[in-house]
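A.B. asks: If you're matching them up, the sequences are chains G and U in order. Going by our numbering, the first residue of the first sequence is number 891, and it counts up by one from there. Going by our numbering, the first residue of the second sequence is number 891, and it counts up by one from there. Built from N, CA and C at the ideal position, the CB exists for glycine as well. One structure follows; several queries about it will come next.
There are 2 protein chains.
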Amino acid sequence: MAEQLTTTSYAVLAQVAVHPWSTYELVQQRVRYFRYVWPRAESAIYREVKRLSSMGLLDGRKEHVGKRARTVYSITEKGREALREWLGAPVSPFAMDFEAMIRLFVAPLGTKEQIVSTLHQVRDDVREMLRFGGEVKQEFLDGIAVTQDQVYIRALAVDFFISLLNTVGAWTERTLAEIESWDDLSPDGKNERALEKIRELPVATPESVERTPVPPRTQLQRRRHDGRSV
Amino acid sequence: MAEQLTTTSYAVLAQVAVHPWSTYELVQQRVRYFRYVWPRAESAIYREVKRLSSMGLLDGRKEHVGKRARTVYSITEKGREALREWLGAPVSPFAMDFEAMIRLFVAPLGTKEQIVSTLHQVRDDVREMLRFGGEVKQEFLDGIAVTQDQVYIRALAVDFFISLLNTVGAWTERTLAEIESWDDLSPDGKNERALEKIRELPVATPESVERTPVPPRTQLQRRRHDGRSV
DNA sequence: GCGCCTATACTCTAAATTGGAGTAAGTAAA
DNA sequence: TTTACTTACTCCAATTTAGAGTATAGGCGC
Chain G
891 MAEQLTTTSY
901 AVLAQVAVHP
911 WSTYELVQQR
921 VRYFRYVWPR
931 AESAIYREVK
941 RLSSMGLLDG
951 RKEHVGKRAR
961 TVYSITEKGR
971 EALREWLGAP
981 VSPFAMDFEA
991 MIRLFVAPLG
1001 TKEQIVSTLH
1011 QVRDDVREML
1021 RFGGEVKQEF
1031 LDGIAVTQDQ
1041 VYIRALAVDF
1051 FISLLNTVGA
1061 WTERTLAEIE
1071 SWDDLSPDGK
1081 NERALEKIRE
1091 LPVATPESVE
1101 RTPVPPRTQL
1111 QRRRHDGRSV
Chain U
891 MAEQLTTTSY
901 AVLAQVAVHP
911 WSTYELVQQR
921 VRYFRYVWPR
931 AESAIYREVK
941 RLSSMGLLDG
951 RKEHVGKRAR
961 TVYSITEKGR
971 EALREWLGAP
981 VSPFAMDFEA
991 MIRLFVAPLG
1001 TKEQIVSTLH
1011 QVRDDVREML
1021 RFGGEVKQEF
1031 LDGIAVTQDQ
1041 VYIRALAVDF
1051 FISLLNTVGA
1061 WTERTLAEIE
1071 SWDDLSPDGK
1081 NERALEKIRE
1091 LPVATPESVE
1101 RTPVPPRTQL
1111 QRRRHDGRSV
């Protein structure tokens, strides 16, 4: 049995810290509230609670509903202590998977309809996530959220989620508008205008870039919790 | 040998489509330009080019630098065709890993210094990514980028990257300011104010949320390229 | 009171993926 | 000439995912 706790371990601990859950409920709640910041497979959660339980960080109690058994987990003092320790360790950086961006890179190989359709899907995904965000917002306003007593913390998270989605949504709209204004996907006469647009992007540029600096040797390396690079 | 192409396969194809690369260069360039939208392990890329090559989507040529061999890959017509087909398939939604958010959820278990330090790390990570974004911007303005002839497409990507980072950065700053204005991390007297703030968040709320709707059964499911759900 | 459907509550496994360790040759600088 | 770094990979154990599979519970229609 591996002893090293992963971020997924802490995510489960954090969830159980709110109050006891059965594994099934944990998975359901996870879908609802952790899906967007730390998406992991269902089976991984079932595996994780067992591990945490065997390490004494969670306390699992067998219950029965008729003949069917279920295990309800609560956090132990040792588990809470592990969380406290984790809070002081280096955090892994924000990372994302955004397939649509790769599509955009090779869009000129395909048709305008294809890339427009891809961006429509992104727009719809963002709308769906925003709908969910609105629902969570309403739950708090109605005072019926599971973590109602933690609004002062959760509000910060909802703010993040909604700001990010609005940004992605706005980008999608203006990109769609730009592409739809084109006759085709060829570069003809578009690069001039693009350079103007790129010049206006709100970010500082370095003095000059004669030689592009050597990139780091390996792929994105997340920080480990002992502070060493992996 | 599995026949199913993954998004990573297409990401590699998309990269080679620009022009031929040795695997080593591919990995280096990947770190530079794909790291932030589709981060994958180095070894996965070495595996992938071999697979794509054996499937006839890439053409690998052995070269020699002194006694040391290296393989340079270029895309085949079949590979280009595969990309074209992929462009018409459903795209997997935007997804992220954001450990700091989980930290925030359980922040009251630890100290104010801990959560402030975590947010400082996020701010620094964002700054570093923005610095990189500024560098890419400057490369295009200087006319020396590898994909200079594709500015009209790449500008859209740089726009995305910078907008997103500015949003994350701004959130980090205001969250830091909010938390630093607190005496401690207890809920005392903070929830009232938080509800006001949550009310102002720019997202529509549903009519009402009496029963929270049943969440989908499983974890985040990415769309597969044959259109079926996985 | 029976059949059907959906929800609960998991377990199991093949396949994929990751995070390194390891090997070896070229190149530059002290 | 020794050392250090870069290029150019291969290999593998351990983890993780995606999904199939198993079985009970409970509500609803008829």
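Taking the alpha carbon of Y926(U) as the reference point, which residue from P929(G), L916(G) and F984(G) has its own alpha carbon closest?
C.D. replies: Comparing Cα-Cα distances from Y926(U) to each of P929(G), L916(G) and F984(G), the minimum goes to F984(G).
A.B. asks: Using a Cβ-Cβ cut-off of 6 Å (strictly less than) and excluding sequence neighbours within five positions of S1071(G), which residues of its own chain qualify?
C.D. replies: Excluding sequence neighbours, S1071(G) sits near nothing in its chain.
A.B. asks: At what residue ranges does the segment 988 to 1033 of chain G contain a whole run of the alpha helix (DSSP H), taking only runs of 4 or more?
C.D. replies: Segments of the alpha helix (DSSP H) lying fully in the segment 988 to 1033 of chain G: 989 to 995 and 1002 to 1032.
A.B. asks: Hey, how far is the Cα of I935(G) from the Cα of T913(G)?
C.D. replies: So the alpha carbons of these two residues sit roughly 8 Å apart.
A.B. asks: Return helix, strand or coil for A985(U), following the three-state DSSP convention.
C.D. replies: Correct three-state label for A985(U): strand.
A.B. asks: For the alpha helix (DSSP H) holding R958(U), just list the boundary residues, first then last.
C.D. replies: Where R958(U) is concerned, there is no enclosing alpha helix (DSSP H), although the beta strand (DSSP E) it sits in stretches over R958 to I965.
A.B. asks: Using only alpha-carbon positions, find the residue among V939(U), W911(U), E1029(U) and D1078(U) that is nearest to I1088(G).
C.D. replies: The shortest Cα separation from I1088(G) among V939(U), W911(U), E1029(U) and D1078(U) belongs to E1029(U).
A.B. asks: I think T990(U) touches T1001(U), with their Cβ atoms under 8 Å apart; what is that distance to the nearest whole Å?
C.D. replies: This sequence places Ala at residue 990(U); Thr is not what is there. Actually they are not in contact, since the Cβ atoms of A990(U) and T1001(U) sit about 16 Å apart, beyond 8 Å.
A.B. asks: Taking DSSP as the reference, what is the three-state secondary structure of R955(G)?
C.D. replies: The residue you asked about is not Arg; residue 955(G) is Val in the sequence shown. Looking at V955(G) - three-state DSSP - the assignment turns out to be strand.
A.B. asks: Alpha carbons only, please: which of G1059(G), F1022(G) and L1055(G) is nearest the one belonging to R922(G)?
C.D. replies: Selected option, being the one with the closest Cα: F1022(G).
A.B. asks: Please compile the residues from chain G whose C-beta is within a distance smaller than 9 Å of the C-beta of R1017(U).
C.D. replies: Going along chain G, no residue has its Cβ under 9 Å from R1017(U), so there is no contact; the nearest lies around 10 Å.
A.B. asks: Please name the residues in the segment 970 to 991 of chain U whose beta-carbon is closer than 7 Å to at least one beta-carbon of chain G, in chain order.
C.D. replies: Residues passing the 7 Å Cβ filter: R970, L973, R974, L977, G978, P980, V981, S982, P983, F984, A985, M986, D987, F988, E989, A990 and M991.
A.B. asks: Please tell me whether T966(U) has its Cβ less than 8 Å away from any Cβ of chain G.
C.D. replies: No - not a single Cβ of chain G is within 8 Å of the one on T966(U).
A.B. asks: Please name the residue in L1075(G), P1092(G), V1036(G) and V1058(G) whose C-alpha comes closest to that of Q905(G).
C.D. replies: Of the listed residues, the one whose Cα sits closest to Q905(G) is V1036(G).
A.B. asks: Do you know whose CA, among R960(U), S943(U), G978(U) and E1082(U), lies nearest E1003(G)'s CA?
C.D. replies: Measuring from the Cα of E1003(G), the nearest candidate turns out to be G978(U).
A.B. asks: Hey, V1058(G) and L973(U) are a contact pair by Cβ (cut 8 Å); roughly how many whole angstroms apart?
C.D. replies: About 24 Å; that fails the 8 Å criterion.
A.B. asks: Is there at least one Cβ from chain U nearer than 8 Å to R1013(G)'s Cβ?
C.D. replies: Not closer than 8 Å to any Cβ of chain U, the Cβ of R1013(G) fails to qualify, so no.
A.B. asks: Can you tell which of E893(G), E915(G), P910(G) and P929(G) has its C-alpha closest to the C-alpha of A901(G)?
C.D. replies: The shortest C-alpha separation from A901(G) is found at P929(G).
A.B. asks: Counting contacts by CB-CB distance shorter than 8 Å, is Y1042(U) in contact with chain G?
C.D. replies: Chain G, which has a Cβ nearer than 8 Å to the Cβ of Y1042(U), makes this yes.
A.B. asks: Quick check: the segment 948 to 959 of chain U against the segment 893 to 900 of chain G, are there 3 or more CB pairs under 8 Å?
C.D. replies: Counting Cβ pairs under 8 Å, fewer than three are found: no touch.
A.B. asks: Near M891(U), what residues of its chain come up, given a Cβ to Cβ distance below 6 Å and the 5 sequence neighbours on each side ignored?
C.D. replies: Low confidence applies here, because M891(U) scores a pLDDT of 44, under 50, leaving its location unreliable and the question unanswered by this model.
A.B. asks: Anything in chain U within Cβ reach of K1087(G), meaning under 7 Å, just list it in chain order.
C.D. replies: The contacting residues are A1045.
A.B. asks: In chain order, which beta strand (DSSP E) runs of at least 3 residues are fully inside the segment 1047 to 1107 of chain U?
C.D. replies: Within the segment 1047 to 1107 of chain U, no complete beta strand (DSSP E) run reaches 3 residues.
A.B. asks: Quick one: what does DSSP say G978(U) is sitting in, helix, strand or coil?
C.D. replies: In the structure shown, G978(U) sits in coil (DSSP, three-state: anything other than H, G, I, E or B).
A.B. asks: Which residues in chain U sit within 8 Å of E1068(G), going by Cβ to Cβ distance?
C.D. replies: Neighbours of E1068(G) on chain U, chain order: L1046.
A.B. asks: Exposed or buried, which one is I992(U) when buried takes at least 16 other CB atoms within 10 Å?
C.D. replies: I992(U) is buried by the Cβ-count criterion.
A.B. asks: Tell me the rounded alpha-carbon separation between A1060(U) and L1020(U).
C.D. replies: One C-alpha to the other measures close to 12 Å.
A.B. asks: Just how far apart, CA to CA, sit P1106(U) and H909(U)?
C.D. replies: Here the model assigns P1106(U) a pLDDT of 32, short of 50, so the residue's position is not dependable, and the following value carries that caveat. So the alpha carbons of these two residues sit roughly 43 Å apart.
A.B. asks: Rounded to a whole number of angstroms, what is the C-alpha to C-alpha distance between K1027(G) and L1066(U)?
C.D. replies: Cα to Cα, K1027(G) sits roughly 21 Å from L1066(U).
A.B. asks: Whole angstroms is fine: what's the gap from G1024(G)'s alpha carbon to D1049(G)'s?
C.D. replies: Their Cα atoms are separated by approximately 11 Å.
A.B. asks: Going by beta-carbon coordinates alone, are L1046(U) and L994(G) separated by less than 8 Å?
C.D. replies: Yes; because the gap between Cβ atoms is below 8 Å, this pair is in contact.
A.B. asks: Go ahead and label D1073(U) buried or exposed: buried means 16 or more other beta carbons lie within 10 angstroms of its beta carbon, across all protein chains shown.
C.D. replies: Exposed: under 16 other Cβ atoms inside 10 Å.
A.B. asks: Do the CB positions of A907(U) and I1043(G) come within less than 8 Å of each other?
C.D. replies: Not a contact, by the Cβ cut-off of 8 Å.
A.B. asks: Leaving aside the five residues before and after D987(G) along the sequence, list all residues of the same chain whose C-beta is less than 7 Å from its C-beta, in chain order.
C.D. replies: So no residue of the chain qualifies.
A.B. asks: May I ask you to report which of helix, strand or coil DSSP gives G946(U)?
C.D. replies: Of the three classes helix, strand and coil, the one that applies to G946(U) here is coil, per DSSP.
A.B. asks: Determine the contact status of G950(G) and T961(G), defining contact as a CB-CB distance below 8 Å.
C.D. replies: In contact: G950(G) and T961(G) (Cβ atoms closer than 8 Å).
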